[in-house]
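Chains as they are written, first to last, in the working numbering: chain A, 651 to 1147; chain B, 651 to 1147. Working notes, structure below.
2 protein chains.
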Amino acid sequence: MKKTEFPEKKVGEMGNTVGEFRKKLKIADIKGGPDEGLNRVGQTVVVMGWVRTLRVQSSVTFLEVNDGSSLSNMQCVMNSDAEGYDQVESGLIATGASIWVQGTLVASQGSKQKVELKVEKVVVVGKSDPSYPIQKKRVSREFLRTKAHLRPRTNTFGAVARVRNALAYATHKFFQENGFVWISSPIITASDCEGAGEQFCVTTLIPSSREAADSPVDAIPNTKNGLIDWSQDFFGKPAFLTVSGQLNAETYATALSDVYTFGPTFRAENSNTSRHLAEFWMIEPELAFADLDDDMACATAYLQYVVRHVLDNCKEDMEFFNTWIEKGVIDRLNVRAQFDVAEKDFVQLTYTDAIGLLLKAKKKFEFPVKWGCDLQSEHERYITEEAFKGCPEIKAFYMRQNDDGKTVAAMDMLVPRVGELIGGSQREERLDYLENRLDELKLSKESYWWYLDLRRYGSVPHAGFGLGFERLVQFATGIENIRDAIPFPRAPGSAEF
Amino acid sequence: MKKTEFPEKKVGEMGNTVGEFRKKLKIADIKGGPDEGLNRVGQTVVVMGWVRTLRVQSSVTFLEVNDGSSLSNMQCVMNSDAEGYDQVESGLIATGASIWVQGTLVASQGSKQKVELKVEKVVVVGKSDPSYPIQKKRVSREFLRTKAHLRPRTNTFGAVARVRNALAYATHKFFQENGFVWISSPIITASDCEGAGEQFCVTTLIPSSREAADSPVDAIPNTKNGLIDWSQDFFGKPAFLTVSGQLNAETYATALSDVYTFGPTFRAENSNTSRHLAEFWMIEPELAFADLDDDMACATAYLQYVVRHVLDNCKEDMEFFNTWIEKGVIDRLNVRAQFDVAEKDFVQLTYTDAIGLLLKAKKKFEFPVKWGCDLQSEHERYITEEAFKGCPEIKAFYMRQNDDGKTVAAMDMLVPRVGELIGGSQREERLDYLENRLDELKLSKESYWWYLDLRRYGSVPHAGFGLGFERLVQFATGIENIRDAIPFPRAPGSAEF
Chain A
651 MKKTEFPEKK
661 VGEMGNTVGE
671 FRKKLKIADI
681 KGGPDEGLNR
691 VGQTVVVMGW
701 VRTLRVQSSV
711 TFLEVNDGSS
721 LSNMQCVMNS
731 DAEGYDQVES
741 GLIATGASIW
751 VQGTLVASQG
761 SKQKVELKVE
771 KVVVVGKSDP
781 SYPIQKKRVS
791 REFLRTKAHL
801 RPRTNTFGAV
811 ARVRNALAYA
821 THKFFQENGF
831 VWISSPIITA
841 SDCEGAGEQF
851 CVTTLIPSSR
861 EAADSPVDAI
871 PNTKNGLIDW
881 SQDFFGKPAF
891 LTVSGQLNAE
901 TYATALSDVY
911 TFGPTFRAEN
921 SNTSRHLAEF
931 WMIEPELAFA
941 DLDDDMACAT
951 AYLQYVVRHV
961 LDNCKEDMEF
971 FNTWIEKGVI
981 DRLNVRAQFD
991 VAEKDFVQLT
1001 YTDAIGLLLK
1011 AKKKFEFPVK
1021 WGCDLQSEHE
1031 RYITEEAFKG
1041 CPEIKAFYMR
1051 QNDDGKTVAA
1061 MDMLVPRVGE
1071 LIGGSQREER
1081 LDYLENRLDE
1091 LKLSKESYWW
1101 YLDLRRYGSV
1111 PHAGFGLGFE
1121 RLVQFATGIE
1131 NIRDAIPFPR
1141 APGSAEF
Chain B
651 MKKTEFPEKK
661 VGEMGNTVGE
671 FRKKLKIADI
681 KGGPDEGLNR
691 VGQTVVVMGW
701 VRTLRVQSSV
711 TFLEVNDGSS
721 LSNMQCVMNS
731 DAEGYDQVES
741 GLIATGASIW
751 VQGTLVASQG
761 SKQKVELKVE
771 KVVVVGKSDP
781 SYPIQKKRVS
791 REFLRTKAHL
801 RPRTNTFGAV
811 ARVRNALAYA
821 THKFFQENGF
831 VWISSPIITA
841 SDCEGAGEQF
851 CVTTLIPSSR
861 EAADSPVDAI
871 PNTKNGLIDW
881 SQDFFGKPAF
891 LTVSGQLNAE
901 TYATALSDVY
911 TFGPTFRAEN
921 SNTSRHLAEF
931 WMIEPELAFA
941 DLDDDMACAT
951 AYLQYVVRHV
961 LDNCKEDMEF
971 FNTWIEKGVI
981 DRLNVRAQFD
991 VAEKDFVQLT
1001 YTDAIGLLLK
1011 AKKKFEFPVK
1021 WGCDLQSEHE
1031 RYITEEAFKG
1041 CPEIKAFYMR
1051 QNDDGKTVAA
1061 MDMLVPRVGE
1071 LIGGSQREER
1081 LDYLENRLDE
1091 LKLSKESYWW
1101 YLDLRRYGSV
1111 PHAGFGLGFE
1121 RLVQFATGIE
1131 NIRDAIPFPR
1141 APGSAEF
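Below, the structure is given as structure tokens:
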């Protein structure tokens, strides 16, 4: 590998203003303005990034350089008299190599960009081995999942990463601007929120990674009855990865009024589908002194806000998705973001009405429909895609019982392509009702002592919802498989990277 | 429990503007403006919150109500002719109860607030059982750790939650404003970043929570050799909780240029100290085309930014910490936030110089000092508190080797009270050097294949750091024990709530 030094030893310099510690320009800084870089024509600029393509013509060489700050490359035009041109001839400058290019910004002759870089000097920073798996030719998304460490260098996954980032930041902005406090709910927990979910066990009874592969079962500490001796485990009892931060968020909502979590949650379900992950990020707001109407209003306003943010801030990436991933995704999101049609856009449907709709449907379902059944994906899809949107789900213990004694104050928000995006409910704030529900479901009141305490001391009506962040990414980008909506997906048999 | 209905069934109403979906005013909205509420004098307002204290005098009753939106309570003044006054007499209105109060905002006679609420009507929403453990009398922070579900209702923990939230949001703002992309690094991983860290095992070989306590050891699947049969586990091999997202962040930095993680990380160390948690949040920025100087400049600018943000946005909470938790904390942070003294403020010290300083110290250390030793807490404390700030640490495999062949391009940022707040390094971007290091440390090159690929295809100089978020909370608030800096701390023997 050729040792190359940067022309300047120090790439960045400490700025004088907090928040501007680096003076380095990125391609998005150069080309991202309203005139797409024309204001900088004539300036000498430096670009650092990775070579996407190289076209050598008789008199001139075109290099497309990308630094990940935007979908757009910087087109670099080089004559044979440019300093470092020998690296083109020797093959060092090739797809995948990282380079440092200095040149003059000029108006471009091409139709694809307003400006391009007339190269004065180029330095290969790191060459690319010819085995580089992501060449210009199109590669499948299945193949790229096996190269999760390199796939962000493609247009699709670069754009997904930027839109995912924008959705995350918009999430924080929305809640912060509305007075919610971000809470980190615990990841490791000895309690089981849903009272049923399939959970991963977290333990130190099995030795750390290097020895784990060769661990004998009988080295696991056991009691004289042959049971696992949990007293010797790290937490002194069985512990698990959380399936939801909701119960913990409730403790803070009943102190700080409005809070939200945004963190990873886990399901050990053996579902190898395009809609499930074993590890995914959830957003769970919890509102005190609030009922189901407030909850739905919050979910609606939230979704409009983040969609609007992405449309305003990720124009180039969204046009890419609109062209290559899902035709019409921008129109679909635009309808969602129009706040003046908000009330029309979000049709609310009771559970009973949803069942009625499904019973009247001409369609034959795999799972038969009757009142009381849990809605399956096929039912949800029918309602959102062939009928319309909004309906509740089957009762978890914490959902507030309605006066009819049969239904609970819950809602689901179903959206096209994804199905259930948001599930929420008003929580049972009445101590006696909640205790009865725990008894009915044979859940231990002792293990929920702290959750019950919230109803014992200054209980308030409160409500919240959970939103699977990767499904939001799918919804906003049109990406079909949820494993392409998170950098390093975890699923049965798959914890690589 | 008395059944009370809200005077209005719907607490909130859908607003017309995205981002203003609720019209409910919180105490911070009423009292948080520059004139501390005087602009609203004469208005009828509703407050919903929890009773902190109740003083019944002969002619008038004072209620201090807090809704968690600020440290300040709303002082509510009630005569016996107010609607609902009977609830004072019957004892329903008591410390810990939740109430709905309507009244007229008037200028306050008291010196502690500019405005107070002249009560017209009060409704108890949820009474408080007399066993409420958080009464007015001061309770210890040790006791409150056993009541982690109720402690956010205290002044101290409400303030910690709000400052923690402000630090988190400032973190996102800083990186977003500087063009960094937030990356979610995986929580469950089959690789071990540090090559050594003590990790938690994640498994489904032990059944889910309800049955775990009674699981026999011999129900764990084993091979014919008596080893744990990992092929039957969820991921088909041993999997662990991450100790750092750095390696994963590097994959995205070498595609998108500048990225950061902000997520939970785990250490299964049996350390029952005031400085360690088994589960903590980390911020790990990674900068491409950057060296150690850029890294230090980024860490410096970041810390100044978030400290300034908290001083500007959490004035009341910071005054509380300054008075009750650490006298002088505001001055200490102000020095840190002055960007015009930035270069003077952060003294940089090489490892060799740090050792020199310690060798010259008059102090006797428990762990003897010599060149090559890892710095212990007592050494770090000496340097920051008795000498000054900044120094590097002992070599992890990914740290870039300096030309002296002895040291690596690493840095630690040490701060008073906390010790090591930030640890960072320039990463080894040279394939041959990195492979040699893996060999030296007897780490398997095969399991790092994807990490090595980053050096094979367009490698670039890059650098980053890790910051333990709870230590930042300690640094900013003066809170002594790290278990009080996170809502639900996890430590050996402790995974409650």
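For each residue, glycine too, the CB sits at the ideal point set by N, CA and C. Bear in mind the structure is a predicted one, so any value in this text is a computation, not a measurement.
7 Å Cβ cut-off: residues of chain B touching G1108 (chain A): The residue you call residue 1108 (chain A) lines up with position 458 of the first sequence. Against chain B, a Cβ distance below 7 Å from G1108 (chain A) picks out W700, G746, A747, S748, G776, S778.
When the Cβ atoms of the region 950–960 of chain B are set against those of the region 796–812 of chain B, are three or more pairs found closer than 8 Å? Note that the region 950–960 of chain B does not touch the region 796–812 of chain B; fewer than 3 beta-carbon pairs, one per stretch, sit closer than 8 Å.
Where Q826 (chain B) meets chain A, residues with beta-carbon distance less than 7 Å: Numbered from its first residue, the second sequence carries residue 826 (chain B) at position 176. Listed by position along chain A, the residues whose Cβ is nearer than 7 Å to that of Q826 (chain B) are Y819.
Taking only the alpha-carbon atoms, compute the straight-line gap between G1118 (chain A) and D908 (chain B) and give it to the nearest angstrom. Along the first sequence, one-based indexing puts residue 1118 (chain A) at 468. Along the second sequence, one-based indexing puts residue 908 (chain B) at 258. Near 26 Å, if we compare the C-alpha coordinates of D908 (chain B) and G1118 (chain A).
Kindly indicate the opening and closing residues of the beta strand (DSSP E) around A1148 (chain A). Any answer about residue 1148 (chain A) is impossible in this case: the structure gives chain A only from 651 up to 1147.
Is the beta carbon of I1129 (chain A) sitting closer than 8 Å to the one on R1121 (chain A)? Here residue 1129 (chain A) corresponds to residue number 479 of the first sequence, with the count starting at 1. Here residue 1121 (chain A) corresponds to residue number 471 of the first sequence, with the count starting at 1. Contact check for I1129 (chain A) against R1121 (chain A) fails: the beta carbons are separated by 8 Å or more.
Which runs of the beta strand (DSSP E), 3 residues or longer, sit entirely within the region 998–1078 of chain A? Runs of the beta strand (DSSP E) inside the region 998–1078 of chain A: 1060–1065, 1069–1076.
Jot down the residue ranges of each uninterrupted alpha helix (DSSP H) in the region 753–825 of chain B, minimum 4 residues, whole runs only, in chain order. Within the region 753–825 of chain B, the complete alpha helix (DSSP H) runs of at least 4 residues are 791–795.
Given that a residue counts as buried once 16 or more other Cβ atoms are within 10 Å of its Cβ, and exposed if not, what is N922 (chain B)? Translated into the one-based positions of the second sequence, residue 922 (chain B) becomes position 272. Around the beta-carbon of N922 (chain B), fewer than 16 other beta-carbon atoms lie within 10 Å, marking it exposed.
Shortest alpha-carbon distance to L877 (chain A) belongs to which of B:S761, B:S865, B:F884? Within the first sequence, numbered from 1, the residue matching residue 877 (chain A) stands at position 227. Shortest Cα-Cα distance from L877 (chain A) to any of B:S761, B:S865, B:F884 involves B:S865.
Taking DSSP as the reference, what is the three-state secondary structure of Y1107 (chain A)? Here residue 1107 (chain A) corresponds to residue number 457 of the first sequence, with the count starting at 1. Correct three-state label for Y1107 (chain A): strand.
S891 (chain B) vs I837 (chain B) beta-carbon contact at 8 Å: In the second sequence, counting from the first residue as 1, residue 891 (chain B) sits at position 241. In the second sequence, counting from the first residue as 1, residue 837 (chain B) sits at position 187. Position check: residue 891 (chain B) holds Leu in this sequence, whereas Ser was assumed. Yes. Within cutoff.
Can we say the region 936–956 of chain A touches the region 1109–1116 of chain A, given the rule of at least three CB pairs closer than 8 Å? Judged by pairs of C-beta atoms under 8 Å, the region 936–956 of chain A touches the region 1109–1116 of chain A, as three or more such pairs exist.
Assuming F916 (chain B) is part of the beta strand (DSSP E), what are its boundary residues? As a position in the second sequence, residue 916 (chain B) is number 266, starting the count at 1. In the DSSP assignment, F916 (chain B) falls within the unbroken beta strand (DSSP E) covering 908–916.
Report the option in A:F850, A:Y1001, A:A1126 whose CA atom is closest to the CA atom of N984 (chain A). Within the first sequence, residue 984 (chain A) is the residue found at index 334, counting from 1. The shortest C-alpha to C-alpha distance from N984 (chain A) to any of A:F850, A:Y1001, A:A1126 is the one to A:A1126.
Limits of the unbroken beta strand (DSSP E) element including I933 (chain A): Here residue 933 (chain A) is taken as the residue at index 283 of the first sequence, counted from 1. Its beta strand (DSSP E) spans residues 929–938.
Go through the region 687–756 of chain B residue by residue and report every complete run of the alpha helix (DSSP H) that reaches 4 residues or more, in order. Segments of the alpha helix (DSSP H) lying fully in the region 687–756 of chain B: 736–739.
Just to make sure I have the definition right: I need the residues of chain A whose C-beta is within less than 9 Å of the C-beta of G611 (chain B). Which are they? With chain B covering 651 to 1147 only, the question about residue 611 (chain B) has no answer from this structure.
Do the region 775–782 of chain A and the region 740–747 of chain A make contact, defined as three or more Cβ pairs closer than 8 Å? By the Cβ criterion, the region 775–782 of chain A is in contact with the region 740–747 of chain A, since at least three pairs of Cβ atoms, one from each stretch, lie closer than 8 Å.
Just reading off the alpha helix (DSSP H) that V614 (chain A) is part of, what are its end residues? Within the shown structure, residues of chain A are numbered from 651 to 1147, placing residue 614 (chain A) beyond reach of any answer.
Could one say the Cβ of C851 (chain B) lies closer than 8 Å to chain A's Cβ atoms, at least one of them? Here residue 851 (chain B) refers to the residue found at position 201 when the second sequence is read from its first residue. So yes, C851 (chain B) belongs to the interface.
Quick one: what's got a C-beta closer than 6 Å to P888 (chain A)'s C-beta in the same chain, skipping five residues either side? Working through the first sequence from its first residue, we reach residue 888 (chain A) at position 238. Once the five neighbours on either side are set aside, the close Cβ partners of P888 (chain A) are W880.
Are there three or more Cβ pairs, one per stretch, closer than 8 Å when the region 755–768 of chain B is compared with the region 722–735 of chain B? Contact between the region 755–768 of chain B and the region 722–735 of chain B is present, with at least three C-beta pairs closer than 8 Å.
Taking only beta-carbon positions, decide if Y902 (chain A) is within less than 8 Å of chain B. Translated into positions along the first sequence, residue 902 (chain A) becomes position 252. Chain B, which has a Cβ nearer than 8 Å to the Cβ of Y902 (chain A), makes this yes.
R623 (chain A) touches chain B at which residues, Cβ-Cβ below 7 Å? Look at the range of chain A in this structure, 651 to 1147, and you will see that residue 623 (chain A) is not part of it.
For F825 (chain A) and D944 (chain B), the rounded distance between their alpha carbons: For the purposes of this step, residue 944 (chain B) is identified with residue 294 of the second sequence, where counting begins at 1. For the purposes of this step, residue 825 (chain A) is identified with residue 175 of the first sequence, where counting begins at 1. Distance between the alpha carbons of D944 (chain B) and F825 (chain A): 32 Å.
Which bits of chain A does L877 (chain B) rub up against, with CB to CB less than 9 Å? Counted from its first residue, the second sequence places residue 877 (chain B) at position 227. What L877 (chain B) touches in chain A: A863, D864, S865, P866, V867.
Contacts of A918 (chain A) in chain B (Cβ-Cβ under 7 Å): Here residue 918 (chain A) corresponds to residue number 268 of the first sequence, with the count starting at 1. Result: T854, F884.
For G829 (chain B), which residues in the same chain have their Cβ closer than 7 Å to its Cβ, ignoring the five residues on either side in sequence? For the purposes of this step, residue 829 (chain B) is identified with residue 179 of the second sequence, where counting begins at 1. Closer than 7 Å at Cβ, skipping near neighbours: D908.
Can you grab the Cα-Cα spacing for the pair T911 (chain B) / S835 (chain B), in whole Å? For the purposes of this step, residue 911 (chain B) is taken as the residue at position 261 of the second sequence. For the purposes of this step, residue 835 (chain B) is taken as the residue at position 185 of the second sequence. If I take the Cα positions, the gap works out to 7 Å.
Proximal residues, the region 1113–1134 of chain B versus chain A, C-beta separation under 8 Å: Listed in sequence order: no entries.
Under 8 Å between C-beta atoms, does Y735 (chain A) make it to chain B? Taking the first sequence and counting its residues from 1, the one referred to as residue 735 (chain A) is at position 85. For Y735 (chain A), no CB of chain B lies under 8 Å from its own CB, so it is not counted at the interface with that chain.
Mind reading off the beta-carbon distance from Y782 (chain A) to G746 (chain A)? Whole number of angstroms is fine, and I expect it under 8 Å. The sequence position of residue 782 (chain A) within the first sequence is 132, counting from 1. The sequence position of residue 746 (chain A) within the first sequence is 96, counting from 1. Contact flag correct, Cβ pair sits at about 4 Å.
Does the distance from the CB of V1123 (chain A) to the CB of L817 (chain A) come in under 8 Å? For the purposes of this step, residue 1123 (chain A) is taken as the residue at position 473 of the first sequence. For the purposes of this step, residue 817 (chain A) is taken as the residue at position 167 of the first sequence. L817 (chain A) is positioned such that its CB atom lies closer than 8 Å to that of V1123 (chain A).
How far does the beta strand (DSSP E) with T831 (chain B) in it reach, from first residue to last? Counting from one through the second sequence, the residue named residue 831 (chain B) turns up at place 181. One detail in the question is off: residue 831 (chain B) reads as Val in this sequence, not Thr. V831 (chain B) -> beta strand (DSSP E) spans 831–833.
Are S715 (chain B) and I749 (chain B) close, meaning C-beta to C-beta below 8 Å? For the purposes of this step, residue 715 (chain B) is taken as the residue at position 65 of the second sequence. For the purposes of this step, residue 749 (chain B) is taken as the residue at position 99 of the second sequence. Checking the sequence shown, residue 715 (chain B) turns out to be Val, not Ser. Taking 8 Å as the Cβ cut-off, V715 (chain B) and I749 (chain B) qualify as a contacting pair.
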